[in-house]
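6 protein chains.
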Amino acid sequence: MGKIVTLGEIMLRLSPLGYDRFSQSKEFNAFYGGSEANVSVSLANFGKETSYVTKLPENDIAQCAINELRKYGVDTKDVVRGGERIGIYFSEYGESQRPTKFVFDRKGSSMAEAKREDFNWDKIFEGAEWFHFSGITPALSDECAKITFDAVKAAKKKGLTISIDLNYRETLWNKDRFSKVIRELLEYCDIALGSVEEAQMAMGVPEDEGADCNEILKEFVEKFKLKYATIILRNRFTAEDVDWTAVLYDGKTFYNSKKYDIHVIDNIGGGDAFAASLIYAITSGYSTQDIIEFATAGSCLKYSMIGDANLSTVAEVENLMYGDSTGKEKR
Amino acid sequence: MGKIVTLGEIMLRLSPLGYDRFSQSKEFNAFYGGSEANVSVSLANFGKETSYVTKLPENDIAQCAINELRKYGVDTKDVVRGGERIGIYFSEYGESQRPTKFVFDRKGSSMAEAKREDFNWDKIFEGAEWFHFSGITPALSDECAKITFDAVKAAKKKGLTISIDLNYRETLWNKDRFSKVIRELLEYCDIALGSVEEAQMAMGVPEDEGADCNEILKEFVEKFKLKYATIILRNRFTAEDVDWTAVLYDGKTFYNSKKYDIHVIDNIGGGDAFAASLIYAITSGYSTQDIIEFATAGSCLKYSMIGDANLSTVAEVENLMYGDSTGKEKR
Amino acid sequence: MGKIVTLGEIMLRLSPLGYDRFSQSKEFNAFYGGSEANVSVSLANFGKETSYVTKLPENDIAQCAINELRKYGVDTKDVVRGGERIGIYFSEYGESQRPTKFVFDRKGSSMAEAKREDFNWDKIFEGAEWFHFSGITPALSDECAKITFDAVKAAKKKGLTISIDLNYRETLWNKDRFSKVIRELLEYCDIALGSVEEAQMAMGVPEDEGADCNEILKEFVEKFKLKYATIILRNRFTAEDVDWTAVLYDGKTFYNSKKYDIHVIDNIGGGDAFAASLIYAITSGYSTQDIIEFATAGSCLKYSMIGDANLSTVAEVENLMYGDSTGKEKR
Amino acid sequence: MGKIVTLGEIMLRLSPLGYDRFSQSKEFNAFYGGSEANVSVSLANFGKETSYVTKLPENDIAQCAINELRKYGVDTKDVVRGGERIGIYFSEYGESQRPTKFVFDRKGSSMAEAKREDFNWDKIFEGAEWFHFSGITPALSDECAKITFDAVKAAKKKGLTISIDLNYRETLWNKDRFSKVIRELLEYCDIALGSVEEAQMAMGVPEDEGADCNEILKEFVEKFKLKYATIILRNRFTAEDVDWTAVLYDGKTFYNSKKYDIHVIDNIGGGDAFAASLIYAITSGYSTQDIIEFATAGSCLKYSMIGDANLSTVAEVENLMYGDSTGKEKR
Amino acid sequence: MGKIVTLGEIMLRLSPLGYDRFSQSKEFNAFYGGSEANVSVSLANFGKETSYVTKLPENDIAQCAINELRKYGVDTKDVVRGGERIGIYFSEYGESQRPTKFVFDRKGSSMAEAKREDFNWDKIFEGAEWFHFSGITPALSDECAKITFDAVKAAKKKGLTISIDLNYRETLWNKDRFSKVIRELLEYCDIALGSVEEAQMAMGVPEDEGADCNEILKEFVEKFKLKYATIILRNRFTAEDVDWTAVLYDGKTFYNSKKYDIHVIDNIGGGDAFAASLIYAITSGYSTQDIIEFATAGSCLKYSMIGDANLSTVAEVENLMYGDSTGKEKR
Amino acid sequence: MGKIVTLGEIMLRLSPLGYDRFSQSKEFNAFYGGSEANVSVSLANFGKETSYVTKLPENDIAQCAINELRKYGVDTKDVVRGGERIGIYFSEYGESQRPTKFVFDRKGSSMAEAKREDFNWDKIFEGAEWFHFSGITPALSDECAKITFDAVKAAKKKGLTISIDLNYRETLWNKDRFSKVIRELLEYCDIALGSVEEAQMAMGVPEDEGADCNEILKEFVEKFKLKYATIILRNRFTAEDVDWTAVLYDGKTFYNSKKYDIHVIDNIGGGDAFAASLIYAITSGYSTQDIIEFATAGSCLKYSMIGDANLSTVAEVENLMYGDSTGKEKR
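Residue numbers (this note's numbering), protein chains in the order written: chain A, 816 to 1146; chain B, 816 to 1146; chain C, 816 to 1146; chain D, 816 to 1146; chain E, 816 to 1146; chain F, 816 to 1146.
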């Protein structure tokens, strides 16, 4: 099996300790993550060969981001070094009725300022079988959108499977630009995942909360001739309580996963964990029902961990998906 | 608009880290707070001009308390320096069926030993529009009760709005003395807040759990010719689960707020957050319904924070009060 | 009243901080505990005279284990020093659907390698009234099983009350050996506690989840002529949510305790807290109903604490058992 | 006495904990400081009325910087809010032969992008007696140089005393631009401080390590018609060992301070502490000899503290300057 | 050999973490210590049977102090419980020219308010061979001075060896009262230790820095008919650099110990470590030269540890005293 | 250039935080290191391709060791998984006259129990140019000695350069067995490093502190026909003060490096840093004088870092070796 390549921006996340608000904290925990980097770490942790592509400056903080990826076994030899800075964001954990709070400071990052000529896709895709990216990557700059098109075109040419996590971010996109760019990128994709609203935006239809999920999903798969698409259905009750389930459509059948009531430790990276688990399950020959079960169970477990990436093993995900969900320990 | 003056005792709170019990902890987190100080910090954080009045010794630990107030923008120029010590209390976080535990060491504090001549109320109230205190202040000593009377009389003379948080503390008062002193202080007050039991005690009627809240509130407002009174209704289920709502009576109508199911991070300061939010809403021209909604939403958010004071911004409270309460983040 | 002696293995537990998984943690919290050591600490904390018997190497880490016992007032003068190492286990806190995870490294520990001649039971039991052990002790090695038999025989001869916590551990026993050894040890015991499955294993009957708890308990008491036996009934919903109740049978009547919905802080030591509370209540002359209430309330409180041992005082347990269970604080 | 106004950029400093290198640290300590902000904090701590002028974005991290200033009593009402980001730098503590290491990420900060019209100097200087800035402020951008000229001109017009800390930073200036801009700014200054090399650069003469300090100082004072200038003489032996002395020239006499052998805890802010102590001593009517002694003793004490600003009290500096330097405690 | 009894006050020490000053620290490390408690812990750690006598309130924080003593094997059964509070002091670590700083808050402590009838000396001294106290104990109150006289008289009657550490504290004594009280207590003592100045004060002669140490020591031993007296000679260079040596006079010969250049980690408890080591060496039959060497080496090692008490083992002290002092490790 | 392969045991090191002694610490810092692993990490950090060979169990703690190696870029694909445990050692930082203290718990580790058939040297050495090991590896067991012989023979056959760090450990070897085994292994080596005593032991001549270093070195090189040998000369003054220099002999000339007075942060891994720097310098074509300078400067910098491995970059080592050694920072 070949390697799984992802493209995106990895950032330094700085979070106050424990329940502290920004103004109370003398220290910040440092995490290094980003939507596609989180996918790579989770896949490497599942035992897949992965390679992460981005641009990072030549300094010690960017090196920490690379070290974090290597630690979990992600290949970083295709990371381009240069530019001025690593993107930063600050996030404060929400609790009860108080939401997770973000302060973004990502402008001018090496990846946002990257040029098309920084990346040699033929070389990057040597030995690859899959290319994954999210809607964040083309949002970083017009040039980043072009870089993403370069990547999907090269991937298509090489016969790779291409997956997209729609991942709409209102601080990066306006809805029209999202709709236009993502729609064109979807033409190259085999697999897509997102929420009902994101699918609607990507199709350029009005967002309608009352819409039937399965209808949207069907329309979405057919419009873009996808092999599979999945929609994640999440209800949020408080900052630490969500339920989470998903449905997969393969052009013929709808597959619904179990639904989990989750006590959330860290709200960041749930969708990325879902994407990684989905790719793992597809590339590992699970049945279609098990693919959506593995993806949902994998992302459920992510919410119980601190940091951006799902650090579950395959055995842990399977224990949840096939076994009980009571958190019972073995000793 | 003029400044809001509060009078009380600020103490050093020492709490074991995380879930540690006292005997397990090698370290204590240091917080500086007190009922009225918490009100001042929250009001300053909402953007109001505030001044806090107390007496503190001339040492580095007392200076830390002043620094904490200044950090959030509270004016501390009327803090009197002298006496022997800052009051201390130790508190251990409760969990599940285990209650929050307190060890008080406040005897002999500079504020408890303060003298009437320490405070020049004419000067303190220059430029002020509001005076707030709680039932803790007159409980500290007979002299402190006299100081409180001096303050309310001077405030009355200057035409300030006067508010009281009844705040009965069984380690400081006996019920008879509470009833007697608070009843006299209420004669000067425009606005009062407390629980059903506190209102009953303040009126000198027997505490009756079965009593109708609205009736008590009506009787309370009428007895003391208050402009507004509010009663907080709290059900506690475990050390970290409470629900919380409130009712305001303006002499004509009862206004009920939304009710919140709260996951509590820190049990200290909920009532103080309510008082601060109430004062903010009244002085900012909210509608009467919105006053009680803002007060309840503000105190709800406090419970999600560690430390004594509510560090919410107005935007955060309004987001909860007008928006959803699901802790959904923006990014 | 005489002292309460326990025999077992105390280990170093190393746990990542907070919500960290093993691979995320640069630091481990160090706890020193073991089933019987936890019983001794809790009993000492309740004010009982206790002595703990084990074997530990002559090094600074083993000394830390002894210090931890002494800190809470357990007599350690009968701890034998020698052998090569203190047993270690690593445990990661579970959250939501993710279970608590263990890595055991206890092989070759001083206690597992201890010899019968290391212990002089006549001397150890001087002034004792009670001997307690769990199913873990005889599981450590064949020699440890013999040591346990030496202990129960000596205890029997001296007229001590003997209690056993069945405590089946699948990483230490196979079921057949458990059944055989424990059955013989139960012949010497006056009091036993465990789960339905453990009682079934101990009696050598097939484990049957559908079995009636009271029937099993009756059969169990009669088979081994026990004075009391108790069965703990626990439902686990997630890694941090359990409910917990227990039933005691004294050969005549079944006594059911209250049931608690518990938010679990640390899953280790609940059964040990139950055993200690049970022994405390029996040796302190509580009524039979209060014995099982005290035992259940004591173990309920343990779950709200971090570390292996219940650090509740008698007053705290009684407050829960006789009072309310809402975690309401006093101030 | 009037207030002391400073103008500059305050940044978020992120430093690994303890001896960790960047790649080893999961957490960063957060400090908020900058050359002029450090001067203001130290002066406020000495009891002076101070006001700090800068531009900071409207976000929670920038608010932390303001809170830090307020905590120590600095007036922040003239801080302009707007722009995109607070400047950041990462610094790793050096040890032995390993130097303190910096990663700067200050580009695009609100202050670097500030406009002349952001600042109303007439209003800012109301009630002021002194204006202080360092060579860093005009280095931030051409517009910042203009802002600095606006400030010195307005200050001159109002009759304020003006002081400059030359503070050459090779990552911000080239030497020619430094020489040109600083020379023009010095025309407005009454007091200047720096190293021998900085004085030479400021005068546009070749840097010559062998040059006589007193000659340079004399030339410097005469060239710019300064009231006083001081030169700091520092020898560095390892990352934590320096010696530190200074000489002041008032146009007539050279005043040399005591020399301190310092064990350095934090290399940042020594010069700023010197500037603050110098301004304090001058504005407090010390004798000329005592001015240089106070400045040197104050900066000596800074090196024993972590963070950017000197948190010494006047009593502590005087104890060192008049008393012994053996670190002997009182109890 | 009998047990060694000490009498004194144990306090909660609260110290900022690492190099933080009070105003920078959100957390305080909690230590429990006092001059005589430190002696008991060190002696217990050396393997001696020890008992500590004091009065402490009935609360969880005082219990922590008892737990700390028990942890190291000190018998606490003669600690009287009652009164209002445990004494507290805050201390900030000094560095370089900045001294260790103390804020005392010990007024009204249970020990300071203790009554003579709280202590039954006949029972306390059962099985004892030695009684030790310091000049701090009689300084706490007039009643505490009487308690100390009760203790020395009872000890004398029982034939115990009595030792005193002069330990003058200017925040507790005036020199005249010290001189008077200590002189009377010395009449009962066999062994005394202190500095040159303390010996002079105790004898009521003027303090004279230029005095010859040996002469003072001789006069001191003769005046009070002591068996041994020792004088500690310490030079302090900075907050973390001292040298340390001692001389012992037995009425015939002066014995000088080696001199150590010490890098100090924690300045508290050096003299207490000396006292404990001295008592250990005397009661263990070392030669007179080795007594003073052991005492000096033991206190030298204390300075390398954090906290109030010397946690060295006998082997560690002997390794320094007989071996090399280069800190060379074994592996 | 080919990769550099090392063979050894990587262990979990557990160290109390800061200055805590074992008995004071509630937490241990976790490091993963071993002599050869440290060499690999440092070489990877210098930019070399490296592969580390060992045996580790299939558990989460062993996985942490692998993650640590991967984090710094070491290839771990040849790590064999199996066996029972990862070796552990506890170490407490020494200070002043108190030495670093070790408690070893390495018995029964997967590497100590490894079998010759676990390692396929032909495959391991594919693409390799250098093989390095230390005297610790053959000391682990007789089988480990055989594994080491297998490795050096295979390396020799493939034409790799072979280096040995003598690294005598008295807890693992007796001197006779060391002398015998190492002597035979040296027959295969090209490069060796150690102390004077280690070289003497390896040659089987009596250890003689007064021996001339150069003579020993000459004899050593000639006896084993080495290409280079180096001797490290270290004087230790206290636990944190050493000086450090080295001499290299290439069969013709003696090359002496600069000497550094080092303030030691962590005493572990200095020799490993020297070995890594030496190998780097040799494989990077430095002049012979620069080889010994780079090796000495590299190990000097290690002492300023916490943890087992040198995390210096080539630029940092060169800055020290060619530049100044005053720890002066750039900004």
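Note that the Cβ used here is the ideal one computed from N, Cα and C, for glycine as well.
For clarity, every value in this text was computed on a predicted model and none was experimentally measured.
CB contact check: L1131 of chain D to chain E, cutoff 9 Å:
Reading the sequence as shown, one finds Glu at residue 1131 of chain D and not Leu. Output row for E1131 of chain D: interface = yes.
As assigned by DSSP and simplified to three states, the class of Y1095 of chain A:
helix
Looking at the unbroken alpha helix (DSSP H) that takes in T963 of chain F, where does it start and where does it end?
T963 of chain F: member of the alpha helix (DSSP H) spanning 957-973, first to last residue.
Backbone CA spacing between F934 of chain D and V894 of chain D [nearest angstrom]
9 Å
For G923 of chain F versus E1013 of chain F, is the C-beta spacing smaller than 9 Å?
no
Identity of the residue in C:D1027, C:T869, C:T1128, C:A954 nearest K995 of chain C by Cα
C:A954
With DSSP run on the structure shown, which of helix, strand or coil describes G1009 of chain C?
strand
By how many angstroms is the C-alpha of S911 of chain B removed from the C-alpha of C1115 of chain A?
24 Å
Closest Cβ-Cβ distance between K916 of chain D and chain F: below 9 Å?
yes
Decide if P831 of chain E is buried, meaning its Cβ has at least 16 other Cβ atoms within 10 Å, or exposed.
buried
Would you check if the distance between the CB atom of I1046 of chain C and the CB atom of V1011 of chain C is smaller than 9 Å?
yes
Return the Cβ separation of Y904 of chain D and M826 of chain D in integer angstroms, given the expectation that the two are a contact with Cβ distance under 8 Å.
6 Å
Residues of chain B with CB closer than 7 Å to the CB of C1004 of chain C, please, in chain order.
Going along chain B, no residue has its Cβ under 7 Å from C1004 of chain C, so there is no contact; the nearest lies around 30 Å.
Pick helix, strand or coil for Y1137 of chain A, following the three-state DSSP scheme.
Looking at Y1137 of chain A - three-state DSSP - the assignment turns out to be helix.
Backbone CA spacing between A880 of chain F and L858 of chain F [nearest angstrom]:
17 Å
C-beta neighbour in chain C for E928 of chain A, strict 9 Å:
Chain C, which has no Cβ nearer than 9 Å to the Cβ of E928 of chain A, makes this no.
Just by C-beta distance, which residues in the stretch 870-899 of chain C are closer than 8 Å to chain F?
N874, D875, I876, Q878, C879, N882, E899
Where the alpha helix (DSSP H) containing V996 of chain F begins and where it ends:
Looking at the DSSP string, the run of the alpha helix (DSSP H) that includes V996 of chain F is 990-1001.
Put R828 of chain F into one of helix, strand or coil per three-state DSSP.
strand
Where the alpha helix (DSSP H) through F1035 of chain A begins and ends:
That run of the alpha helix (DSSP H) goes 1028-1039.
Which residues DSSP lists as bridging G1084 of chain E, in chain order
Answer is none; G1084 of chain E lacks a bridge partner.
Taking one C-beta from the stretch 1032-1041 of chain C and one from the stretch 1054-1061 of chain C each time, how about it: are there three or more such pairs within less than 8 Å?
no
Where G1142 of chain D falls, given that 16 or more other Cβ within 10 Å makes a residue buried:
buried
Identify the residues that DSSP records as bridge partners of Y904 of chain E: which are they?
E:R828, E:F919
Rounded to a whole number of angstroms, what is the C-alpha to C-alpha distance between Y1043 of chain F and D1065 of chain F?
4 Å
Within a Cβ cutoff of 7 Å, which residues of the same chain sit near R970 of chain E, ignoring the five residues on either side of it in sequence?
Checking the sequence, you will find Ala at residue 970 of chain E rather than Arg. If we look at A970 of chain E and ignore the five residues flanking it on each side, its Cβ neighbours are F940, F946, I977.
Return the first residue and the last residue of the alpha helix (DSSP H) that G848 of chain C is part of.
Where G848 of chain C is concerned, there is no enclosing alpha helix (DSSP H), although the beta strand (DSSP E) it sits in stretches over 842-848.
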